[in-house]
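Counting in UniProt numbering, the final residue of the sequence shown is number 338, and the numbers go up one at a time with none missing. We put the beta carbon where it would ideally sit given N, CA and C, even for glycine. Data block below; observations after.
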Amino acid sequence: MNIALIGLGMVSGTHVAAIRASGQGLSLAGVLGRNLEKTAEFAQRNDTRAFGSVEEIANDPKVDFAIIATPPDQRSELVRCLSTASKPILMEKPIERTLDAAKAIVEQCEVSGVPLGIVFQHRARAASQALKSVIEQGELGAIATVEIRVPWWRDQSYYDEPGRGTYARDGGGVMISQAIHTLDLAMWLLGPISNIQAVMRKTPLHDLEAEDWAGAIFEMDSGAVGTLLATTAEYPGAAESITIQGMRAKAHLESGVLTLTTFDGQESSVGETAATGGGADPMAFTHAWHQAVIEDFAKAVSSGTQPMATGRSALLTHAVIDAMQIANRTGQKTRVIS
């Protein structure tokens, strides 16, 4: 399949590497960025075509689907153009800046009958999939408690990038830009969050508009209760983790390794340790997870099946972040409505 990449920011190199590393017949058909001169330079550097507009991509019959990796505030018109031309879309998180804007994009694709996938690459990791299997097989028993931690670090230079950490471009701070991955993974494993109380703050460690620290307590549809801590203000940064306490055993997922501990003291582990970009270098992670997502989406497009993470499923995470923002403003427990 031939893939067009739209958006040439810091994650673009990961997508190019993922496409090129695939052995499943994937090809980079061309790229498009906001600046056409920089697009031409990027295309030359990566031996591919420089598209001049999204309309050019939409009208090219050789392009099988497009990857959108732009900032969230640039998504709506791109999706409108591509979906009108029946071009499938794989999109970096978040879908958009707000829940309502994200819903509009999902509904646009559904009305147009266009496949929409979201790059939640942590679902593709071996340890994540092993944990999902363990939960579905009942090895943990009924889930009692959940702990989600994203103790990351970013230098101020990260937020000095124009628009980063603002509501106008990104839709918020650490929750929608970083912790959204771990939050999505937790709900992919355990189901939706139903109610949440939250505090979202900007610490003295960074100069940005939105939050670089967020804490929450929540209830899940399953009856489990949990806590969440997410920050980019914990130097030097550590791996995100999910700890799940069941009635039979505990599961701890961190750095690509799943550790299971039963009540009789037996311990087992699955996976290999890998960096996830929790420190000062946000791109310190392998392209292999993106590769798995892209290959999965290509298979879904060709077979007419659902991709690993659909736009509709991604709205659950947007709904939780929206409820957290409301809870932070009101100081009240807030129902999550997707």
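Review point. Which full runs of the alpha helix (DSSP H) of 4+ residues lie inside the UniProt domain "GFO/IDH/MocA-like oxidoreductase" (129-250), going along the chain?
Key: 156-159, 180-190
**Study point:** Under 8 Å between C-beta atoms of threonine 330 and asparagine 195
**Key:** Your numbering for residue 330 matches position 330 in the sequence shown. Your numbering for residue 195 matches position 195 in the sequence shown. Taking 8 Å as the Cβ cut-off, threonine 330 and asparagine 195 do not qualify as a contacting pair.
Point to revise | phenylalanine 263, buried or exposed, once every other Cβ within 10 Å from all chains shown has been counted against 16 | key: In the sequence shown, the residue the question calls residue 263 occupies position 263. Exposed: under 16 other Cβ atoms inside 10 Å.
**Study point:** Segments of 3+ residues assigned as beta strand (DSSP E) that fall wholly inside the segment 275-321
**Key:** none
Practice item. Use the C-beta contact count for valine 134: other C-beta atoms within 10 angstroms, 16 or more gives buried, fewer gives exposed. Key: Numbered from its first residue, the sequence shown carries residue 134 at position 134. Buried, since its Cβ has 16 or more Cβ neighbours within 10 Å.
Review point. For glutamate 161, which option in Thr182, Thr145, Asp207, His122 has the closest C-alpha, if you only look at C-alpha atoms?
Key: Translated into positions along the sequence shown, residue 161 becomes position 161. Minimum Cα distance to glutamate 161 is reached at Asp207.
Check your understanding: Given serine 86, which residues of its chain have a CB within under 8 Å of its CB, disregarding the five upstream and five downstream residues?
Key -> As a first step, residue 86 must be located in the sequence shown, where it is residue number 86. Answer for serine 86: Ser112, Gly113, Val114, listed in chain order.
Check your understanding: Using a Cβ-Cβ cut-off of 7 Å (strictly less than) and excluding sequence neighbours within five positions of glutamate 37, which residues of its own chain qualify?
Key -> Along the sequence shown, one-based indexing puts residue 37 at 37. Contacts found: none.
**Study point:** CA-to-CA distance, glutamine 108 to valine 79, given in whole angstroms
**Key:** The residue labelled residue 79 in the question sits at position 79 within the sequence shown. The residue labelled residue 108 in the question sits at position 108 within the sequence shown. About 8 Å.
Exercise for review: Take every Cβ of the segment 286-305, pair it with every Cβ of the segment 147-167, and state whether three or more of those distances are shorter than 8 Å.
Suggested key: no
Check your understanding: Which partner residues of phenylalanine 65 appear in the DSSP bridge assignment?
Key -> In the sequence shown, residue 65 corresponds to position 65, counting from 1. Ile3.
Point to revise | C-beta contact flag for valine 146 and glutamine 178 at 8 Å | key: Position 146 of the sequence shown, counted from the first residue, corresponds to residue 146. Position 178 of the sequence shown, counted from the first residue, corresponds to residue 178. No, the Cβ-Cβ distance between valine 146 and glutamine 178 is not below 8 Å.
Point to revise | Residue(s) in a DSSP beta bridge with glutamate 254 | key: Here the question's residue 254 lines up with position 254 in the sequence shown. In the DSSP output, where bridge partners are listed per residue, glutamate 254 has Ser241, Val257.
**Study point:** For isoleucine 242, the nearest candidate out of Glu136, Arg248, Gly226 (CA to CA)
**Key:** Along the sequence shown, read from residue 1 onward, the residue named residue 242 stands at position 242. Residue Gly226 is the option with its Cα nearest to isoleucine 242.
Check your understanding: With respect to the alpha helix (DSSP H) encompassing glutamate 92, which residues constitute its N-terminal and C-terminal limits?
Key -> Numbered from its first residue, the sequence shown carries residue 92 at position 92. Per DSSP, glutamate 92 belongs to no alpha helix (DSSP H); it is in the beta strand (DSSP E), 89-92.
Exercise for review: Out of Pro94, Ala50, Asp281, point me to the one whose CA is closest to alanine 319's CA.
Suggested key: Position 319 of the sequence shown, counted from the start, is the residue given in the question as residue 319. It is Pro94 whose Cα lies nearest to the Cα of alanine 319.
Check your understanding: Is any heavy atom in the ligand GTP found nearer than 7 Å to the beta carbon of isoleucine 193?
Key -> Looking at this structure, you won't find the ligand GTP or any other ligand, since it has none at all.
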